[in-house]
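Asker: This is the structure, below, for whatever I ask next.
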Amino acid sequence: MVPSPASWRTRGALGQALLGLATVVLLWWFAHSVRGGLAREGITLGFGFLHQPANFDIGERSGLRFTPEDTVGRAIVVGLVNTARIALVGSLLALILGFVVGTLRLVDNALLRGVMRAGVEVMRNTPLLLLLFLLIATLHTMPPPAHAFEPLPGVFLSDRGLVLPFPHTPRFVGFNFVGGTTLSPEFAALAAALVLHHGAHISEVVRGAILAIPRGQRDAALALGMSPWQVSRLVVIPQALRAMVPLLATNCVSLIKNSSLAVAIGFPDVVSVLNTTANQTGHGVEAMAIMLGVYLALSLGVASLLNVYNARILRRGA
Amino acid sequence: MKAARRLALLAALGAALGACAGDDAAPANQRSTASGATLSAIRARGQLMCGITQGAGFATPDDSGRWRGFDVDFCRALAVALFNDPNKVRFVPYTQQQRFSGLQSGEVDLLANGTSITSSRALLRNFHFGPVYLYDGQGFLVRKASHVGSAGALNGATVCVQQGTTTELNLSDFARRNKISLAPVVIEDLRGAVSALASGRCDAISQDGAGLATTRTMLRDPENYVILPDRISKEPIAPVVRFGDDQWLEVVTWLFRAPVAAEELGIDSHNVQSYVTSTDPAIRRFLGMEPGVTDGFGLDPRWTARVIAAVGNYGEIYDRNLGEKTPLRFERGMNRLWTQGGLMYSPPFR
């Protein structure tokens, strides 16, 4: 007997309801078990520790004021701003690099194409952590601050990072430069590693999206008398963008998540600060929950921004 | 029919998960509340699980893959006391970051990995500490070429520290107390901090004194580095056990005291056999020749004698792993016996 469409629908709804119920039960059981486990170990949860003094210092503060007397909550904010800074700089530069390299891989010059391809393959197939260690080790070989390069007046480059002349002209005192603003080697290495790695991935997305535009469209546009620049700007790129945007969003989100490798080289991102917090206060579960919330919020934020943009170009395209 | 089958599968899966949870929950419950549960679990398992942290002199595998070191010897001593076999122990290496969850989850029976006693760990985090088996304090390792003679002269310096210890806290306390500024670079893995010091990114590494001695051996040119004399914190290192099992805490406590007591009595691994015939009542009690002193909790009354024969007294354990003849050359200092101006003191075995 062939079941009627109506009975299929009923069964479908029933299946959905049961699956939903099973999920709820599973989650409830999970929460219950976690709570029981924590109670047995005598761990109580709560976010009161955020108001305690941090008692530890943070080496890099993205221009925020922070001393060990400040609260744990403020320390986490400093870490968060550090993460946001790396995410912003990293995403922006990775997008630019990805577009440039992705386009250059389609030019007629075989040498240029080959060089770009080699670069992309190396970056794409090297573990990010390895790249990060390589870059930080390279930056560490710069001269000590007493023998720093001074490429421009007041700008110093040494194994302590790049020192810029604001708010005041940096002076070398004892161990280090004081008075200037320092861009640390850790920040530079992390940003460079993320940009190179994700730039390579993005270039593949860009290349793929451009190649996906049927050859005939380009030929037709050229036949209509458009210049190659006009063909790219008016025909190819608007269509390629549509295919690209969701994948670009994915790449930016994974760049943000990969920025947590910071802890391996000593850049105080939000994970590093939360690790220290958990260790100092014993609130590991809460620290993990904050970490989860932070990355979820950042990822969803970026994803929805790019979704809005995607919706806009889709509308415009139609 | 298909839907029904899928449902049955789902139900079975759920039941299985539930059953797993049940199995897990029961021993967990016993584990941390009932006194005596740890010891009976170790006996049932046939081996001790000991949480360590890898580091030269403290816990490091030798050429044949056998764990050796100061912490390792204490764990082996426990295995000798419980099983009369120094090999009935499994070593679980942890980073400083993982160690407490490893102990809390029941993966190991104790931590002997350089954890310092602090009130918050004992009062808020529900850990129990045995006796101090190493008195230490946080210090600094610097390049000789930087011509720094004391920690106070480090104003403005960049200091590399490993994450997951009280180091960051002590460092900032020290800077605040002395009104100097120290820029921390917090690195997850010690090797990262070591290479940052070697390359000049950092002016100093700060960690416990014994840790600095270990770290110096990791540098390519250890002779060009010096440990500053200052100690900026108190780090009493003690074994850690879970809260709630008093019996296990007592076993660990007296085991860690035995090598100190042996050194006080002049007993070492070479002469312990000759003391069996001793008429000195203190020695006879310590070696388990008189009933009612060392034979509690089902332990063999002669466990102290066996432990000393297997791993030696405190001085032997120290000299073998950390002393002048090792690459660490870590001065015994506070860790001498109280009779020799140190802090090592064992309550009496009687």
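Protein chains in written order, with the working numbering: chain F, 155 to 472; chain U, 11 to 360. Cβ coordinates follow ideal geometry from the N, Cα and C atoms, glycine included.
Considering only the alpha carbon of each residue, which of F:Q170, F:A345, F:W383, F:G455 lies closest to L415 (chain F)?
Answerer: If you number the first sequence from 1, residue 415 (chain F) lands on position 261. If we check each option's Cα against that of L415 (chain F), F:A345 comes out closest.
Asker: Determine whether the Cβ of V204 (chain U) lies closer than 9 Å to any Cβ atom of chain F.
Answerer: In the second sequence, counting from the first residue as 1, residue 204 (chain U) sits at position 194. Against chain F, the CB of V204 (chain U) has no partner CB under 9 Å away; the residue lies outside that interface.
Asker: List the DSSP bridge partners of C170 (chain U).
Answerer: Counted from its first residue, the second sequence places residue 170 (chain U) at position 160. U:V195, U:I215, per the DSSP bridge assignment.
Asker: With distances taken between CB atoms, is the gap from L452 (chain F) to T237 (chain F) smaller than 9 Å?
Answerer: Working through the first sequence from its first residue, we reach residue 452 (chain F) at position 298. Working through the first sequence from its first residue, we reach residue 237 (chain F) at position 83. In contact: L452 (chain F) and T237 (chain F) (Cβ atoms closer than 9 Å).
Asker: Note down the Cα distance separating V99 (chain U) from C85 (chain U), rounded to an integer number of angstroms.
Answerer: As a working note, residue 99 (chain U) is residue 89 in the second sequence. As a working note, residue 85 (chain U) is residue 75 in the second sequence. Distance between the alpha carbons of V99 (chain U) and C85 (chain U): 7 Å.
Asker: To the nearest angstrom, how far is the alpha carbon of G162 (chain U) from that of A248 (chain U)?
Answerer: Here residue 162 (chain U) refers to the residue found at position 152 of the second sequence. Here residue 248 (chain U) refers to the residue found at position 238 of the second sequence. Distance between the alpha carbons of G162 (chain U) and A248 (chain U): 29 Å.
Asker: Going by CA-CA distance only, name the one from U:A69, U:S191, U:L164 that's closest to P222 (chain F).
Answerer: Here the question's residue 222 (chain F) lines up with position 68 in the first sequence. Among U:A69, U:S191, U:L164, the Cα nearest to that of P222 (chain F) belongs to U:S191.
Asker: Just grab the DSSP bridge partners of P246 (chain U) for me.
Answerer: Within the second sequence, residue 246 (chain U) is the residue found at index 236, counting from 1. Beta-bridge pairing links P246 (chain U) to U:Y145.
Asker: Secondary structure at G333 (chain U), three-state DSSP: helix, strand or coil?
Answerer: Here the question's residue 333 (chain U) lines up with position 323 in the second sequence. Coil.
Asker: Given that a residue counts as buried once 16 or more other Cβ atoms are within 10 Å of its Cβ, and exposed if not, what is L58 (chain U)?
Answerer: Along the second sequence, one-based indexing puts residue 58 (chain U) at 48. Result: buried.
Asker: Short of 6 Å in beta carbon distance, which residues of its chain neighbour F220 (chain F), apart from the five on each side in sequence? Order them along the chain.
Answerer: By one-based count along the first sequence, residue 220 (chain F) stands at place 66. The answer, listed in chain order, is I212, V232.
Asker: Within 9 Å (strictly less), CB to CB, does E273 (chain U) reach chain F?
Answerer: Counting from one through the second sequence, the residue named residue 273 (chain U) turns up at place 263. In terms of beta-carbon proximity, E273 (chain U) stays away from the interface with chain F, with every pair separated by 9 Å or more.
Asker: Identify the continuous alpha helix (DSSP H) that holds V267 (chain U) and give its terminal residues.
Answerer: If you number the second sequence from 1, residue 267 (chain U) lands on position 257. Note on identity: in this sequence residue 267 (chain U) is Arg, with Val being the wrong assignment. Counting along the chain, the alpha helix (DSSP H) containing R267 (chain U) begins and ends at 256-275.
Asker: Give the straight-line distance between the Cα atoms of V316 (chain F) and F341 (chain F), rounded to the nearest whole angstrom.
Answerer: Along the first sequence, read from residue 1 onward, the residue named residue 316 (chain F) stands at position 162. Along the first sequence, read from residue 1 onward, the residue named residue 341 (chain F) stands at position 187. The sequence as given places Leu at residue 316 (chain F); Val does not occur at that position. Straight-line Cα distance between these residues: approximately 10 Å.
Asker: Check whether the Cβ of R283 (chain U) lies closer than 9 Å to any Cβ atom in chain F.
Answerer: Here residue 283 (chain U) refers to the residue found at position 273 when the second sequence is read from its first residue. Correcting the residue identity first, residue 283 (chain U) is Gln in this sequence and not Arg. Not an interface residue.
Asker: Is P222 (chain F) helix, strand or coil when you go by DSSP?
Answerer: To locate residue 222 (chain F), count along the first sequence from 1; it is residue 68. Of the three classes helix, strand and coil, the one that applies to P222 (chain F) here is coil, per DSSP.
Asker: Give the single residue among U:R339, U:F266, U:T177 whose Cα lies nearest to the Cα of E233 (chain U).
Answerer: Along the second sequence, one-based indexing puts residue 233 (chain U) at 223. Of the residues U:R339, U:F266, U:T177, the one whose Cα lies closest to the Cα of E233 (chain U) is U:R339.
Asker: Buried or exposed for A248 (chain F), please, with buried defined as at least 16 other CB atoms from any protein chain shown within 10 angstroms of its CB.
Answerer: If you number the first sequence from 1, residue 248 (chain F) lands on position 94. Buried.
Asker: Determine, for F110 (chain U), whether the minimum Cβ-Cβ distance to residues of chain F falls below 9 Å.
Answerer: What you label residue 110 (chain U) is simply residue 100 of the second sequence in a count that begins at 1. The beta-carbon of F110 (chain U) is placed less than 9 Å from the nearest beta-carbon of chain F.
Asker: Starting from Q107 (chain U), find everything on chain F with Cβ-Cβ shorter than 9 Å and list it in chain order.
Answerer: What you label residue 107 (chain U) is simply residue 97 of the second sequence in a count that begins at 1. At a beta-carbon threshold of 9 Å, the residues of chain F lying near Q107 (chain U) are N429, A432, N433, ordered along the chain.
Asker: Of all Cβ atoms in chain F, is any one closer than 9 Å to the Cβ of E178 (chain U)?
Answerer: If you number the second sequence from 1, residue 178 (chain U) lands on position 168. So, interface residue.
Asker: Determine which residues of the region 213-244 of chain F have a Cβ less than 7 Å from any Cβ of chain U, and write them out in chain order.
Answerer: G213, P222
Asker: Tell me the residue span of the alpha helix (DSSP H) that contains V236 (chain U).
Answerer: Locating residue 236 (chain U) in the second sequence gives position 226, counting from the first residue. First-last for V236 (chain U): 235-237, but that is the beta strand (DSSP E), not the alpha helix (DSSP H).
Asker: Is L121 (chain U) helix, strand or coil by DSSP?
Answerer: Walking along the second sequence from the start, residue 121 (chain U) turns up at place 111. Secondary structure of L121 (chain U) (DSSP, three-state): strand.
Asker: Counting only the same chain and skipping the five closest in sequence on each side, list residues whose C-beta sits under 7 Å from that of M270 (chain F).
Answerer: Counted from its first residue, the first sequence places residue 270 (chain F) at position 116. V255, L258, R259, listed in sequence order.
Asker: Report all residues from its chain with a CB closer than 7 Å to the CB of S288 (chain U); omit the five preceding and five following residues, and keep chain order.
Answerer: What you label residue 288 (chain U) is simply residue 278 of the second sequence in a count that begins at 1. Result list for S288 (chain U): R294, in chain order.
Asker: According to the neighbour-count rule (16 or more other Cβ atoms, all chains shown, within 10 Å of its Cβ), is P194 (chain U) buried or exposed?
Answerer: Walking along the second sequence from the start, residue 194 (chain U) turns up at place 184. P194 (chain U) comes out buried.
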